[in-house]
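Counting from 1, position 86 in the sequence shown corresponds to residue 578 in UniProt numbering; the numbering is continuous, with no gaps. Quick notes on the structure that follows.
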Amino acid sequence: QAKRQRKGSSHTFDPCLHQAISHRLRIEQALRQAIKDEELEVWYQPIVDAQTGQPLMVEALARWPRAEGYCPPTEFIPIAEEAGLIGELGMWIAGQAIASLPALRRQLPNLTLNINLSVLQLLQEDLVEVLSQQADDAALPREAIHMELTESLFANDHDKVKRQLERLVAAGFAIHLDDFGTGYSSLARLQEMPVTTLKMDRCFLARLEQGDERIVRAILSLGQTLQMAVIIEGVETQAQRQRLLELGGTLMQGYLFSPPLPLPRLQAWLAGKIMETSESKL
Ligand code: C2E
Ligand code: MG
Ligand code: MG
Ligand code: MG
Numbered sequence: 493q494a495k496r497q498r499k500g501s502s503h504t505f506d507p508c509l510h511q512a513i514s515h516r517l518r519i520e521q522a523l524r525q526a527i528k529d530e531e532l533e534v535w536y537q538p539i540v541d542a543q544t545g546q547p548l549m550v551e552a553l554a555r556w557p558r559a560e561g562y563c564p565p566t567e568f569i570p571i572a573e574e575a576g577l578i579g580e581l582g583m584w585i586a587g588q589a590i591a592s593l594p595a596l597r598r599q600l601p602n603l604t605l606n607i608n609l610s611v612l613q614l615l616q617e618d619l620v621e622v623l624s625q626q627a628d629d630a631a632l633p634r635e636a637i638h639m640e641l642t643e644s645l646f647a648n649d650h651d652k653v654k655r656q657l658e659r660l661v662a663a664g665f666a667i668h669l670d671d672f673g674t675g676y677s678s679l680a681r682l683q684e685m686p687v688t689t690l691k692m693d694r695c696f697l698a699r700l701e702q703g704d705e706r707i708v709r710a711i712l713s714l715g716q717t718l719q720m721a722v723i724i725e726g727v728e729t730q731a732q733r734q735r736l737l738e739l740g741g742t743l744m745q746g747y748l749f750s751p752p753l754p755l756p757r758l759q760a761w762l763a764g765k766i767m768e769t770s771e772s773k774l
């Protein structure tokens, strides 16, 4: 039991800090249990060709249902990372998402899957083997599965990160750079990394709205120069879609097209899209 100590001592008992730590420990404990009990869920958000409306990819996003509602991943992913749970969590999400892809590809044969990887997972020695096994178990070509990594990649041990990325690519998994434009991008490193696609962070759309198109234009042209595709994240309005198309953006993801959906609802959404496209061809 903590004792109150002399004022000014570095060991002064801080009830507020104590509460924060025990709250944090409770969340960590609950998350550990939820992973073990397979209570996490995978939701899927489509990425579309905004010109035609055709869905091309889906991004798998982790969800944690709790008694009081869904705990946001921006809250529990960092906790999983700090508590050493991200490897297990990440592989479980990847396994679920990969196992669900064959059914989705029966609806739409060329659909591909994006999985978010924490940079910490790159340090996991058997990462490539586990992912490859999951793809093989689902009888999927590795090319159907893409890994999203954030720019914080560049803040880590460069050689080790680069080697692991190259192993992923050699196995057939393409690398997409998530939240692009917000982090540590050094253009020199970007060019050295085996990245096929930039996912432009949605914060730049707020600027677009304010009439400032410069960064959006710059990222689209950087993609062209480096021969990388650009996916625009967070598209919410027709006006944004229209302007982005005019600026040369085609791959888009956002609430305008669809929010992240649980698997059955994604399948219904895909079925609707397929109907629309075949009707428009009549
Ligand atoms: P992210 O990978 O950049 O995912 C995109 C986030 O933007 C998702 O938030 C998505 O729901 C949200 N979003 C999509 N369209 C719109 C839009 O039009 N407007 C707005 N305001 N938001 C939109 P979500 O699902 O809450 O995930 C947050 C972050 O948590 C993800 O950002 C990703 O970094 C992380 N995350 C989620 N699932 C996983 C996972 O399985 N593994 C890892 N390592 N990270 C994950
Ligand atoms: Mg992502
Ligand atoms: Mg993103
Ligand atoms: Mg983001």
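Cβ coordinates follow ideal geometry from the N, Cα and C atoms, glycine included.
Query, Result
"State the DSSP-derived secondary structure class of Glu728, mapped to helix, strand or coil.", "coil"
"Pull up the CB-CB distance for Leu641 and Val611, whole angstroms please, since I reckon it's below 8 Å.", "6 Å"
"Shortest alpha-carbon distance to Ile569 belongs to which of Ile519, Pro633, Asp618, Ser592?", "Ile519"
"Per DSSP, what kind of secondary structure is Met549 in: helix, strand or coil?", "strand"
"What do you reckon, is the C-beta of Asn602 under 6 Å from a heavy atom of ligand 2?", "no"
"To the nearest angstrom, report how far apart Asn608 and Thr717 are at their CA atoms.", "25 Å"
"Compare the C-alpha of Trp556 against each of Thr504, Ile590, Lys528, Leu657 and name the closest.", "Lys528"
"Could you check whether the Cβ of Gly726 sits closer than 6 Å to any heavy atom belonging to ligand 1?", "yes"
"For ligand 1, is there any heavy atom lying closer than 6 Å to the beta carbon of Thr566?", "yes"
"If you measure from each CB to the nearest heavy atom of ligand 2 and keep those under 7 Å, what residues do you get, in chain order?", "Glu551, Asn606, Asn608, Glu640, Asp670, Lys691"
"What do you get for Gly741, buried or exposed, if any count of 16 or more other CB atoms within 10 angstroms of its CB means buried?", "buried"
"For Ser746 and Ala763, I'd like the C-alpha separation in whole angstroms.", "Looking at the sequence shown, residue 746 is not Ser but Gly. Distance between the alpha carbons of Gly746 and Ala763 is about 19 Å."
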